[in-house]
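See structure below.
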Amino acid sequence: MKNKIYRYEYGHYLDGMRWGPIYLFAIGMPSIISGGKATSLSAPPFTTHRSYWTERRANRRAKKYFEKHLGIDWNGQHPNGKGEIRIDEDGNQYYYYYIIEDYYPTY
(Lines of atoms letter the chains of each structure in order from A; the text may use other names.)
(Lines give C-alpha, C1' and ligand atoms only; values in the text may rest on other atoms or scores of the structure.)
Protein backbone atom coordinates (compact mmCIF):
# COMPACT_ATOMS: atom_id res chain seq x y z
CA MET A 17 0.00 0.00 0.00
CA LYS A 18 1.74 3.13 -1.20
CA ASN A 19 -0.93 5.67 -0.26
CA LYS A 20 0.76 7.44 2.62
CA ILE A 21 -2.27 9.54 3.55
CA TYR A 22 -4.43 6.45 3.88
CA ARG A 23 -1.92 4.91 6.28
CA TYR A 24 -1.85 7.97 8.46
CA GLU A 25 -5.61 8.57 8.43
CA TYR A 26 -6.21 4.92 9.27
CA GLY A 27 -4.54 5.60 12.62
CA HIS A 28 -7.26 8.16 13.34
CA TYR A 29 -9.88 5.58 12.37
CA LEU A 30 -8.37 3.04 14.79
CA ASP A 31 -8.32 5.66 17.56
CA GLY A 32 -11.96 6.48 16.82
CA MET A 33 -12.91 2.82 17.10
CA ARG A 34 -11.18 2.60 20.46
CA TRP A 35 -12.47 5.85 21.96
CA GLY A 36 -15.98 5.82 20.48
CA PRO A 37 -18.01 9.04 20.81
CA ILE A 38 -15.46 10.56 23.20
CA TYR A 39 -12.97 10.65 20.31
CA LEU A 40 -14.53 13.78 18.85
CA PHE A 41 -13.89 15.82 21.99
CA ALA A 42 -10.72 14.16 23.32
CA ILE A 43 -8.79 13.87 20.06
CA GLY A 44 -10.78 15.17 17.09
CA MET A 45 -11.30 18.76 18.22
CA PRO A 46 -7.72 19.29 19.47
CA SER A 47 -6.48 17.90 16.14
CA ILE A 48 -8.71 20.23 14.13
CA ILE A 49 -7.52 23.22 16.16
CA SER A 50 -3.88 22.18 15.68
CA GLY A 51 -4.42 21.83 11.93
CA GLY A 52 -5.85 25.33 11.78
CA LYS A 53 -2.87 26.80 13.61
CA ALA A 54 -0.21 24.79 11.76
CA THR A 55 2.72 26.45 10.08
CA SER A 56 4.87 25.14 7.25
CA LEU A 57 8.35 23.77 7.83
CA SER A 58 11.16 23.51 5.26
CA ALA A 59 12.04 19.94 6.29
CA PRO A 60 10.07 16.87 7.34
CA PRO A 61 7.48 16.64 8.68
CA PHE A 62 6.88 19.85 6.62
CA THR A 63 4.15 21.16 8.96
CA THR A 64 3.94 21.67 12.70
CA HIS A 65 0.60 19.83 12.78
CA ARG A 66 2.20 16.48 11.92
CA SER A 67 4.17 16.63 15.18
CA TYR A 68 1.12 17.43 17.32
CA TRP A 69 0.30 14.76 19.94
CA THR A 70 -2.95 13.68 18.27
CA GLU A 71 -1.12 13.09 14.99
CA ARG A 72 1.80 11.23 16.58
CA ARG A 73 -0.73 9.06 18.42
CA ALA A 74 -2.54 8.20 15.17
CA ASN A 75 0.80 7.52 13.49
CA ARG A 76 1.85 5.12 16.28
CA ARG A 77 -1.42 3.22 15.97
CA ALA A 78 -1.15 3.10 12.16
CA LYS A 79 2.50 2.03 12.33
CA LYS A 80 1.66 -0.83 14.66
CA TYR A 81 -1.29 -1.95 12.55
CA PHE A 82 0.40 -1.77 9.15
CA GLU A 83 3.62 -3.40 10.33
CA LYS A 84 1.68 -6.25 11.94
CA HIS A 85 -0.95 -6.86 9.26
CA LEU A 86 0.68 -5.72 6.01
CA GLY A 87 4.41 -5.88 6.72
CA ILE A 88 4.93 -2.18 5.91
CA ASP A 89 8.13 -0.85 7.42
CA TRP A 90 7.45 2.62 8.87
CA ASN A 91 11.20 3.20 8.73
CA GLY A 92 11.36 2.18 5.07
CA GLN A 93 11.85 4.64 2.23
CA HIS A 94 8.97 7.04 1.75
CA PRO A 95 6.94 6.17 -1.38
CA ASN A 96 7.58 9.52 -3.11
CA GLY A 97 11.34 8.89 -3.05
CA LYS A 98 12.32 12.42 -2.03
CA GLY A 99 15.44 13.10 -0.05
CA GLU A 100 18.26 15.49 0.56
CA ILE A 101 22.03 15.67 0.62
CA ARG A 102 23.41 15.33 4.14
CA ILE A 103 26.88 15.36 5.65
CA ASP A 104 28.04 12.65 8.06
CA GLU A 105 30.26 13.14 11.12
CA ASP A 106 33.39 12.71 8.95
CA GLY A 107 32.34 15.46 6.52
CA ASN A 108 31.31 13.06 3.74
CA GLN A 109 28.21 13.92 1.73
CA TYR A 110 25.50 11.33 1.15
CA TYR A 111 21.96 11.31 -0.17
CA TYR A 112 19.35 10.59 2.49
CA TYR A 113 15.98 9.28 1.31
CA TYR A 114 13.16 10.35 3.59
CA ILE A 115 11.42 7.54 5.42
CA ILE A 116 7.77 7.36 6.43
CA GLU A 117 8.73 8.27 10.01
CA ASP A 118 10.15 11.60 8.75
CA TYR A 119 6.76 12.62 7.34
CA TYR A 120 4.55 10.95 9.94
CA PRO A 121 6.44 10.91 13.25
CA THR A 122 5.44 8.50 16.00
CA TYR A 123 7.72 9.87 18.74
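For the sequence shown, this note's numbering begins at 17 and goes up steadily by one.
Ideal Cβ placement from N, Cα and C applies to all residues, glycine included.
- Closest in C-alpha terms to G44, from the list K79, G32 and Y111, comes G32.
- DSSP places I115 in no alpha helix (DSSP H); its state is neither H nor E.
- Per DSSP, the beta bridge partners of R102 are Y110.
- S47 counts as buried, since no fewer than 16 other beta carbons sit within 10 angstroms of its beta carbon.
- Between the alpha carbons of W35 and I115 lies a gap of roughly 29 Å.
- DSSP places I49 in the uninterrupted alpha helix (DSSP H) bounded by M45 to K53.
- For S56, the three-state secondary structure derived from DSSP is strand.
- Annotation: the continuous alpha helix (DSSP H) that includes T70 extends over W69 to L86.
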